[in-house]
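Engineer: So the protein lines, in turn, are chains A and B.
All the letters of the first sequence, read from the start, carry residue numbers 88 to 356 under our numbering.
All the letters of the second sequence, read from the start, carry residue numbers 88 to 356 under our numbering.
There are 2 protein chains.
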Amino acid sequence: MKKVQKHDRISVITNILTNNPNKIFTLTHFCNLFNCAKSTISEDLDIIREIFTNYEIGTIETISGAAGGVYYNPLMSKEQMENFTKELCEHINASERIIPGGYIYTNDLLYTPSISKNIGIALASLFKDVEIDYVITVETKGIPIALMTAMVLNKPMIVVRNQSKLTDGTVIHMNYITNSNHRIKTMCLSTRAIKKGSKVLFIDDFMKGGGTAKGICDLMQEFESEVVGVGVLMATKQPEEKVYNDFKTLLWLDDVDEITREVDIYPGI
Amino acid sequence: MKKVQKHDRISVITNILTNNPNKIFTLTHFCNLFNCAKSTISEDLDIIREIFTNYEIGTIETISGAAGGVYYNPLMSKEQMENFTKELCEHINASERIIPGGYIYTNDLLYTPSISKNIGIALASLFKDVEIDYVITVETKGIPIALMTAMVLNKPMIVVRNQSKLTDGTVIHMNYITNSNHRIKTMCLSTRAIKKGSKVLFIDDFMKGGGTAKGICDLMQEFESEVVGVGVLMATKQPEEKVYNDFKTLLWLDDVDEITREVDIYPGI
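(1) According to DSSP, which residues form a beta bridge with ILE185 of chain A?
(2) Just confirm the distance between the C-beta atoms of ILE232 of chain A and LEU175 of chain A, as a whole number of angstroms; I'd bet it's less than 8 Å.
(3) Please list the partners that PRO187 of chain A has in chain B, where partner means a Cβ-to-Cβ separation under 9 Å.
(4) Is it buried or exposed, TYR348 of chain A, if we count other Cβ atoms within 10 angstroms and call 16 or more buried?
(5) For the segment 263-316 of chain B, list the alpha helix (DSSP H) runs that are entirely contained and at least 4 residues long, ordered along the chain.
(6) Given a cut-off of 8 Å on the beta-carbon distance, is the pair LYS242 of chain A and VAL225 of chain A in contact?
(7) Where does THR147 of chain B sit, in a helix, a strand or coil, going by DSSP?
(8) Examine chain A for any beta-carbon lying closer than 8 Å to the beta-carbon of TYR353 of chain B, and answer yes or no.
(9) Would you check if the segment 178-186 of chain A and the segment 270-289 of chain A touch, i.e. whether three or more CB-CB distances between them fall below 8 Å?
(10) Spell out whether any CB of chain B is found under 8 Å from the CB atom of TYR142 of chain A.
(11) Can you pull the DSSP bridge partners for PHE112 of chain B?
(12) Since PRO354 of chain B sits in a beta bridge, which residues does DSSP pair it with?
(13) Determine whether the Cβ of VAL99 of chain A lies closer than 8 Å to any Cβ atom of chain B.
(14) Should LEU340 of chain A be listed as close to the ligand MG, given that the test is whether its C-beta is under 7 Å from any heavy atom?
(15) Compare the Cα-Cα distances from GLU130 of chain A to each of B:LYS335, B:HIS94, B:GLY229 and report the closest residue.
(16) Return yes when the Cβ of LYS301 of chain A is within less than 8 Å of the Cβ of THR323 of chain A, no when it is not.
(17) Measure from the alpha carbon of ILE290 of chain B to the alpha carbon of each residue in B:GLY188, B:LYS252, B:PHE334, then state which is nearest.
(18) Can you list, in chain order, the residues of its chain whose CB lies under 6 Å from that of SER277 of chain A, leaving out five sequence neighbours each side?
(19) Taking Cβ positions, are VAL53 of chain B and LEU132 of chain B nearer each other than 8 Å?
(20) ILE346 of chain B: which of B:ILE150, B:GLY188, B:VAL239, B:TRP339 sits nearest, CA to CA?
(21) Measuring straight from C-alpha to C-alpha, what distance separates ARG111 of chain B and SER203 of chain A?
(22) Run through chain A and tell me which residues come within less than 8 Å of MET244 of chain B, C-beta to C-beta.
(23) Helix, strand or coil: how does DSSP classify THR105 of chain B here?
(24) Cutting at 8 Å between CB atoms, please list the residues of its own chain near VAL315 of chain B, excluding the five before and the five after it.
(25) Please classify ARG96 of chain B: is it buried, with 16 or more other beta-carbons within 10 angstroms of its beta-carbon, or exposed?
(26) Does SER212 of chain B pass the burial test, meaning 16 or more other C-beta atoms within 10 Å, or should it be called exposed?
(27) Verify whether the separation of the beta carbon atoms of GLY207 of chain B and MET235 of chain B is less than 8 Å.
(28) How would you list, in chain order, the residues of chain A whose beta-carbon sits under 7 Å from the beta-carbon of LYS90 of chain B?
(29) Does the beta-carbon of PRO200 of chain B have 16 or more other beta-carbons within 10 angstroms, so that it is buried, or is it exposed?
(30) Counting only runs of 3+ residues fully inside the segment 216-267 of chain A, write out the beta strand (DSSP E) ranges in chain order.
(31) Quick one: grab the DSSP three-state call for GLU174 of chain B.
(32) Pick out whichever of A:ASP341, A:THR336, A:ASP344 has its Cα sitting closest to the Cα of GLU355 of chain A.
(33) Can you pull the DSSP bridge partners for ASP344 of chain A?
(34) What does TYR192 of chain A reach in chain B if we use C-beta pairs closer than 9 Å?
(35) If you run the structure through DSSP and keep just helix, strand and coil, what is THR127 of chain A?
(36) Please classify ALA237 of chain A as buried or exposed, where buried requires at least 16 other C-beta atoms within 10 Å of its C-beta.
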């Protein structure tokens with residue numbers, strides 16, 4: 088291979104950092120890759136850091152010391168968040184999305200990777216100062232945005248299921264009441280899923296009464312773990328007093344009128 | 088902002104392409120972003136293309152003509168696939184993963200974004216020459232790898248559910264028989280989920296008898312659509328004759344011995 092040029096290093100480092108958000112790479116890692124001195128890599132990283140800041144495509148963070156290195160944090164700025172949530176509202180605010188029962192069809196958004204990835208970046212941005220060990224969610228619709236949030240934060244995801252499966256091994260099984268329609272539901276989680284003493288961020292696509300969030304908090308106690316944040320894509324304005332109130336939402340849903348076919352939704356940021 | 092340097096353009100273009108696999112960007116898009124001539128962007132892209140090829144971090148593809156542009160394809164080379172599947176085998180081949188019933192616990196792998204993303208890249212690489220409109224999967228465990236495959240291919244994902252939900256609106260409901268344990272199960276899919284005449288790629292974490300893959304094919308007929316590929320993370324050697332045989336797998340599982348605590352697993356590539 089011909090001599091490595093500055094362009095080459097900048098492109099490859101950008102690719103590696105972009106592909107692995109919040110993963111720490113030592114300078115030595117890049118030195119070995121390009122067979123060059125630390126000072127050279129340091130200069131390259133300074134250039135990339137400045138470029139990323141100028142173009143608002145996230146930040147390059149440095150950790151000094153023996154365990155140090157650099158990582159890419161693809162967080163959204165306040166303005167980017169506002170634009171993105173406004174865009175989401177426009178997507179969702181369409182009469183053809185209203186389905187019988189006054190629900191809104193959002194599967195197409197949740198299941199389109201380019202959109203769910205941006206939702207993940209937005210949700211991760213809301214909790215950028217919270218230290219967590221896992222992102223937790225409940226099957227099924229919340230999984231894509233929880234996975235994307237976990238990808239951005241470089242943490243594993245945990246999926247709580249509605250019934251236990253053979254492939255989960257031993258599970259802890261908990262009944263809880265959904266506050267939106269007062270039905271008894273079940274949460275199951277494999278005893279292997281989480282280490283004791285963990286901090287988890289609960290991510291879901293929708294919150295109405297808050298029963299699921301409260302259920303997750305109760306379930307985490309059984310695992311001697313703690314919910315340190317709750318983030319949802321969309322929360323309903325009513326009931327105002329939910330059984331779990333300490334959450335952040337990207338969107339507020341105020342009203343779905345099945346007769347006039349109007350949806351009242353606005354950014355939560 | 089100071090004058091845009093070549094380094095800046097190369098880093099930002101690399102970031103944008105890396106963040107949006109298989110999404111086509113016109114040269115004009117970059118010209119506007121940097122306020123420069125097409126010939127300049129062309130040169131930058133030539134440099135990035137060569138770098139990506141040299142470092143085996145995917146390819147930069149060009150589409151000529153009016154609807155043309157460039158896109159990033161993060162496919163794995165044959166050698167990278169072999170190394171990755173070998174690594175996966177080492178992860179999975181651990182006696183503590185065996186759970187009662189002779190099953191293997193893999194949730195931690197499927198739910199760790201950095202791993203499921205690579206599984207997605209590997210699965211997408213297996214079907215790189217197949218034209219598809221959607222990636223389809225069945226809840227729950229297959230969702231993360233299906234979403235990552237869809238992200239790499241830049242296509243929406245569809246999730247078939249085991250029971251219908253209010254938020255799905257009108258659904259098509261189909262019973263089928265799982266061939267591994269001959270139980271009747273249900274598949275439900277919203278009538279809004281898929282356009283008629285679509286081609287879908289079915290992705291799942293596990294295949295034994297092939298009943299689910301066959302079920303998806305039958306269900307797709309109801310949507311006047313067609314399964315054009317089936318890819319799984321892991322397939323069992325037994326039964327050799329499955330009800331659906333036209334699939335690709337990253338890993339073969341030959342035997343799980345609950346007594347000796349041994350797992351016989353090897354790459355399918």
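Idealized CB from N, CA, C, for every residue including glycine.
This structure is a prediction, so every number in the text was calculated from the model and none was measured.
Structural biologist: So, to answer that:
(1) A:ILE191
(2) The Cβ separation is near 11 Å, so there is no contact.
(3) Listed along chain B are LEU253, GLY256, THR257, each with a C-beta nearer than 9 Å to that of PRO187 of chain A.
(4) A small correction: the amino acid at residue 348 of chain A is Arg; Tyr does not occupy that position in the sequence shown. Looking at its Cβ environment, which holds fewer than 16 other Cβ atoms inside 10 Å, ARG348 of chain A is exposed.
(5) 298-309
(6) no
(7) The sequence given here places Ile at residue 147 of chain B; Thr does not occur at that position. Strand.
(8) No, TYR353 of chain B lies away from the interface with chain A (no Cβ there is under 8 Å from its Cβ).
(9) no
(10) Yes - at least one Cβ of chain B is within 8 Å of the one on TYR142 of chain A.
(11) When DSSP reads this structure, PHE112 of chain B sits in a beta bridge with B:VAL157.
(12) B:LEU338
(13) yes
(14) In the structure shown, the ligand MG is absent, as is every other ligand, since no ligand is present at all.
(15) Out of B:LYS335, B:HIS94, B:GLY229, B:HIS94 has the C-alpha closest to the C-alpha of GLU130 of chain A.
(16) no
(17) B:PHE334
(18) ASP255, GLY256, VAL258
(19) Any property of residue 53 of chain B remains undetermined from this structure, which presents chain B solely from 88 to 356.
(20) Of the listed residues, the one whose Cα sits closest to ILE346 of chain B is B:GLY188.
(21) Looking at the sequence shown, residue 111 of chain B is not Arg but Ile. The straight-line gap from Cα to Cα measures roughly 19 Å.
(22) Under the 8 Å cutoff, chain A gives TYR198, THR199, PRO200, PRO231.
(23) helix
(24) Here the set comprises VAL217, GLU218, ILE219, LYS286, VAL287, LEU288.
(25) buried
(26) buried
(27) yes
(28) Within 7 Å Cβ-Cβ: nothing; LYS90 of chain B doesn't reach chain A, min ~12 Å.
(29) buried
(30) 221-225, 244-247, 258-264
(31) helix
(32) Checking the displayed sequence, the identity of residue 355 of chain A turns out to be Gly instead of Glu. Looking at the Cα atoms, A:THR336 is the closest of the given residues.
(33) A:GLU349
(34) Close to TYR192 of chain A, with beta-carbon spacing below 9 Å, are these residues of chain B in chain order: THR254, ASP255, GLY256, SER277, ARG279.
(35) In this structure, THR127 of chain A counts as helix in the three-state DSSP scheme.
(36) Using a 10 angstroms sphere on the CB of ALA237 of chain A, the tally of other CB atoms reaches 16 or more, which defines it as buried.
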